[in-house]
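Take a look at the structure below.
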Amino acid sequence: MFQGGTGTGTGTTAAALRAGGVGYVFWGTALVWRIRNGYTPGFTCEDATAMTVLSSIGEIAAKAREELASVRDEKALEAWRVAFMGRKSPLQSVLRSLGELDADERRDAGRAANELKNELDGALESKRDELRRAQIRRAETAGRIDVTLPGRPLAEGRLHPITQTQRDIIHAFTAQGFSVIEGPEVELDYYNFEALRIPKDHPARELMDTFYVDRSALGQGDDDSKLLLRTHTSPNQIRFMEKSDPPIRIICPGRTYRNEATDPTHEWMITQTEVLAVDEGLTLAHLKGTLFEFAKRLFGRERKIRFRCDFFRFVEPGVDMAIDCFLCGGKGCRTCKNEGWIEILGAGMVHPEILENMGFDPDIYTGFAAGLGVERIAMLRYGVDDIRHFYENDVRFLRQF
Amino acid sequence: MRVPIKWLSDYVALSLPVEEIAQRLTMAGLEVTGIERTGEEWEGVVVAHVVEVSKHPDADRLSLVKVDTGSETFEVVCGAPNVAAGQNIAYARLGARLRDAHTGEKKKLKKAKIRGVVSIGMVCSERELGLSDEHDGILVLSESAEKGKPLGEVIGDTVLDIDMKPNRADGLSVLGVARDVAALTGQTLCEPDFAFEALGESVEARASVDIQAPDLCPRFTLAIIENIEIGPSPPWMQEALLGAGMRPISNVVDITNYVMLELGQPIHAFDYDKIVDHKIIVRRAQPGETLTTLDGKKRSFTSEQLLITDPSGPIAVAGVMGGLQTEVTDATKTILLEVANFNPVSIRRTAMSLKLPSEASKRFAWGIAPELAPMTSRRATKFLVELASGKAAKGLVDAYPEPMPPVSVTLAKKRIPQVLGIDPSEDTVISSLEALGFGVATKKDTFDVDVPYWRRDVQCPDDVVEEVARMVGYETIPAAPLAGRVPPGVPQPIRELRETIRDILVGAGMQEAITYPLTSLETLGHVVAADVLERVPPLAIVNPLNVGEERLRTSLRASMLQCVARNLRTTKGQLALFECARVYTPTSEPLPRESEHVVGAVIGARLDRFGNASAASVDFYDAKAYVERLAERLSVSLTLEASEEYGLLSGRTATIRTSDVDIGLVGQVHPETAAAFGIVQDVYLFEIRLDALLPHVPPVTHYQSFSKYPAVVEDLAIVVDREQTASSVLSEIQVHPLVASARVFDEYTGEQVPEGKKSLAIAVSYQAPDRTLTDADVAKARDKIVARLGARCGAELRS
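So the protein lines, in turn, are chains F and Z.
Under the working numbering, the very last position in the first sequence is 401; numbers go up by exactly one each time.
Under the working numbering, the very last position in the second sequence is 1200; numbers go up by exactly one each time.
Listed below in structure tokens is the structure:
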């Protein structure tokens, strides 16, 4: 805030400072400072005449340049700043003394002082930059650390691989307009079998070994009210259609149970995702398109799919879907048992009898359904060779995903 | 279903390579799960003629066999009792790789000295060739087998293993598979030959049947074949049976098995002379009736089980197994041949309850066309005449009280594109269906389709549509993106909360586990009080698979502790696991209440900068931290109140509440409970009921403005009774309107704090929404707070 040629400003400041009782002996303190910081006093302030003012400006400039050259750190730089640019610096006292000069002299001396002030400002800034860079350079050498040491341990948590896979599956369908529905795991025989056209004593029941739940506490019920652990997520189809009208697009993820001994490819608890769509104009081609999109999202956009005939009582026609092997690209390898195709799910068009039972006219409405085994898909994705790993819950396994 | 290719080619010309046929069958729903080639593995095994058999000089049970391969003769030591001069046998040269008859392992055949005699090569049994488990004697080949020919060329075959689905009962027969092969490859089916000459006296006068349970037995036929000579069946039949996975036994048994596999209809042969009055009565069992079946076991029956009887009592369990008394033996001269149709459900239940599943009962349970009975009887009789020198009686006893009407289906033409999304030409539809044996009459808008008797699974128009799709190929159906109306979303608040909780806990460093919902009362008893288990007994599984997995869990804590225990052996340092799952509470409704819980457990030593287990172990506040993280992230305000919980350590357990509703707990597992799971360290867990938490979770977080004026933070050190909770002190401080927040940053007991007291250091942040607070404002507020703490909590400022 230097205003060359006006004097009053600085004079006022000085007066105010004096009045406050602080910083009265500027030169003296500066000297103390300099001595403490290794400076030796190089000059003294003379009487204020035009010539002496100009010459002391020159002297100050020379001294300031000389001393700045020897500054090596931030602390010394601050001392230098105080000494040459501070309130009590010779430059400031020169400026304060300008008022004693006549107008012409004041103008020349003022310009010279102002130029010096600008010069010193610039020098200070570039010295600061220089020091900062030097410090960074020192940090790069003296402060060198071993970057190969491990980072500090962060608490690590992962979702179970089945949860991760289930979420990816769900997303592949919600992106196509499906809503997620969940249903009971302890289910009535009616929903698990009868309503899906799997009557009692039908050989199709042999495909799904069932855990029955003792309901003796509730008294004897008829066969339809037998309690069991659901063997698939398909009962949700019936439960949802009972209370909703087309258009329907739902997926039903959940745990299901089969009463069969475990081995590397069989687990008695399996996670499924049921898919159901009912509307006018839905065909097997839409089922293919929907599942194709799912397969591409989970296994890569370049995937090919294959539909073949299969049998499930609650669909007609029935479908088994395979994808081309993503490991060998269909040439044949261990994962695809040299077939080039990997079967991943069962599907089909909802049996018209079921639509009719749900009160939907099968001549108008058609629907498709699919059931996906999440463990199977997870095994394929992650290359897991034994399904039993999933529920052994060994963290050495779980933390890999 | 195992289908030998040689057998299959009796009915259809195989115009394509086996792999291609297998592929087409698979695509059409007859999934070929394996193509097995017998013979390929018999390297170094050839047909040889037994020239001479003599006794081993030094072993009674061994013989020396001289075999001729056409170009050379070798002497072989053989232990088989059935080896005889003049036979053609399978001879393994030195170097052949054979299965060890005892271990089943494959070994390279070397020259061996057996009881002092050198044996060059070996005469093979079926087991050594991998044909069957038969090892009582050597395999005897047909007389026409050419000496020196590789065995694979003589009896080798390719077998398709087909995973038949229960709708295709017709596919449980070689002829049924041949029908699909013919249709799928454009070939004509060559029907088997049913013709024979009946020279015996008419059967009607010599046997009768009385069906007293027509609901369980729609059709029953009887034929009589006399002058039977029991002996081995011809090699071609034995090979066919071996290929299909059945052991040849004798001509009569082999014929009944062969015809069953060929046509899909089981047959039972009785010894005619052992049937009292030659009169068959088909009826339900009477209480207390018993029968000793072919396997020598005495069985008793329920009144729902169907028996074949004669006037003296039961002679067979219908469709399941024959009786020992009327069995065909070597002495049998006349056979009474039963070919019948039974109710599938009845046979399935009987076979299951008697634990006698068989090829026959499976076919009955899948359902057999009644039309097959007389055809099958004729085919079997023909073989008994030709291969067992039998004399067939004229005619057939055929009781079929209510003939099943044929099935016809009217298929609207527009239905095919409506279901399949493709519209094949009328010619394609007609030729496809006709190739499969359907009759088609074309009308203006419909196809009138007559279903062949063997395809009664086809009952509705869409079943016919599937047949069309099978024939045109599922691969011709395009993939169309889903279009049309998108239904409105269905809210699933519990699911959404659960998924959010999973993300929060994983983000906080916990590992998710998924455990089984089945457990035992004993295991649950470690975490649920006995009176609770008694009052709300967990649901039981009627037919558990494993011991310890017979009850549906009512708490997740036990399986979580099992999970912790399992991982302790292999984990150093801290272990933090959680699970989101359901517990099942029985109610007066048929379905139990399935409520979602989240359970978490933390155990072990904290980690230092290098991930080493440090001296400090996790404690209650580690478990609580996860609960607090959940509360913060879900914008729920939770309070903890010291409580007593079963299985948890009192004094280190708290109930978690929100708005005075109990939503869960957090605490240290009681050391004895932990020990019951094999855990010796301190373990802490939390459990929260999602349905209780859900109503308190705001659907969205609302923005709250914050003061733009600076806060003044002051530390306050107070001394209170040890029993005084930090939360009670904080809530008194927070009452003051200028207090923006207050938190405990230290708790201290010991020197300078009187006995029974504790010192709490609290950072209080003062702030006003409308101005910068002055020192005087803060001092005034502080004084008021200190006074209030003194009055309400008995707190004193720490000097």
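By construction, the Cβ of each residue, glycine as well, lies at the ideal position given by its N, Cα and C atoms.
In this text, all values refer to a predicted model and were calculated from it rather than measured experimentally.
State the start and end residues of the unbroken beta strand (DSSP E) segment that holds residue i.
i: Asn338(F); result: No beta strand (DSSP E) contains Asn338(F), which DSSP labels as neither H nor E.
i: Ile1057(Z); result: Leu1049 to Thr1059
i: Leu1161(Z); result: Lys1158 to Tyr1167
i: Ile305(F); result: Ile305 to Cys309
What three-state label does DSSP hand residue i in the structure shown?
i: Met911(Z); result: coil
i: Met85(F); result: helix
i: His1071(Z); result: coil
i: Met428(Z); result: helix
i: Gly99(F); result: helix
i: Glu1033(Z); result: helix
i: Asp986(Z); result: At residue 986(Z) the sequence reads Thr, which differs from the Asp that was named. Residue state, collapsed to three classes: strand.
i: Tyr1022(Z); result: helix
i: Val374(F); result: helix
i: Glu293(F); result: helix
i: Ile198(F); result: coil
i: Leu1041(Z); result: strand
I'd like to know if residue i contacts chain F, where contact means its C-beta is closer than 8 Å to some C-beta of that chain.
i: Thr972(Z); result: yes
i: Cys964(Z); result: yes
i: Pro991(Z); result: yes
i: Pro379(Z); result: With chain Z covering only 402 through 1200, there is no way to say anything about residue 379(Z).
i: Gly822(Z); result: yes
i: Gln893(Z); result: yes
i: Lys566(Z); result: yes
i: Gln819(Z); result: yes
i: Leu953(Z); result: yes
i: Asp1171(Z); result: no
Taking all protein chains shown into account, do 16 or more other C-beta atoms lie within 10 angstroms of the C-beta of residue i, making it buried, or fewer, making it exposed?
i: Lys117(F); result: buried
i: His1103(Z); result: exposed
i: Asp571(Z); result: buried
i: Phe240(F); result: buried
i: Asn1013(Z); result: exposed
i: Asn944(Z); result: exposed
i: Asp711(Z); result: buried
i: Tyr985(Z); result: buried
i: Leu600(Z); result: exposed
i: Asn338(F); result: exposed
So, is the C-beta of residue i closer than 8 Å to a C-beta in chain Z?
i: Thr6(F); result: No answer about Thr6(F) holds up, because its pLDDT of 37 lies below 50 and its placement is not dependable.
i: Asp201(F); result: yes
i: Asp310(F); result: yes
i: Pro247(F); result: yes
i: Thr406(F); result: No answer is possible for residue 406(F): the residues shown for chain F start at 1 and end at 401.
i: Gln166(F); result: no
i: Asn259(F); result: yes
i: Val395(F); result: yes
i: Asp146(F); result: no
On the DSSP letters alone, give me the boundaries of the alpha helix (DSSP H) that residue i sits inside.
i: Asn742(Z); result: Per DSSP, Asn742(Z) belongs to no alpha helix (DSSP H); it is in the beta strand (DSSP E), Ile736 to Asn742.
i: Gln588(Z); result: No alpha helix (DSSP H) holds Gln588(Z); DSSP gives it neither H nor E.
i: Val653(Z); result: Asn652 to Leu664
i: Ser272(F); result: The sequence shown places Gln at residue 272(F), rather than the Ser named in the question. It is not in any alpha helix (DSSP H) - Gln272(F) instead sits in the beta strand (DSSP E) that spans Met269 to Glu280.
Would you say residue i faces chain A, with C-beta separation under 8 Å as the test?
i: Met428(Z); result: Looking at the structure shown, chain A is missing, and the protein chains on hand are F and Z.
Mind checking the stretch 995-1016 of chain Z against chain F and listing, in chain order, the residues whose C-beta falls within less than 7 Å of any C-beta there?
-> Listed by position, the residues of the stretch 995-1016 of chain Z near chain F (Cβ gap below 7 Å) are Glu995, Leu1008, Arg1010, Phe1011 and Gly1012.
Between the stretch 763-786 of chain Z and chain F, which residues of the former have CB atoms less than 9 Å from a CB of the latter, in chain order?
-> Lys763, Ala766, Trp767 and Gly768
Which residues, in chain order, does the stretch 902-918 of chain Z contribute to contact with chain F at a C-beta distance below 9 Å?
-> Arg903, Asp904, Leu906, Val907, Gly908, Ala909, Gly910, Met911, Gln912, Glu913, Ala914, Ile915, Thr916, Tyr917 and Pro918
Check distances from the C-beta atoms of the stretch 265-280 of chain F to those of chain Z and list, in chain order, the residues that come in under 9 Å.
-> Trp268, Met269, Thr271, Ala277, Asp279 and Glu280
Below 8 Å between beta carbons is the criterion; list the residues of the stretch 341-354 of chain F that meet it against any residue of chain Z, in chain order.
-> If the cut-off is 8 Å between Cβ atoms, the stretch 341-354 of chain F has Met349, His351, Pro352 and Glu353 near chain Z.
Positions along the stretch 218-230 of chain F whose CB lies within less than 8 Å of some CB in chain Z = Cβ contacts with chain Z: Leu218, Gly221, Ser225, Leu227 and Leu229.
The stretch 792-807 of chain Z: which residues have C-beta closer than 8 Å to a C-beta of chain F, in chain order?
-> none
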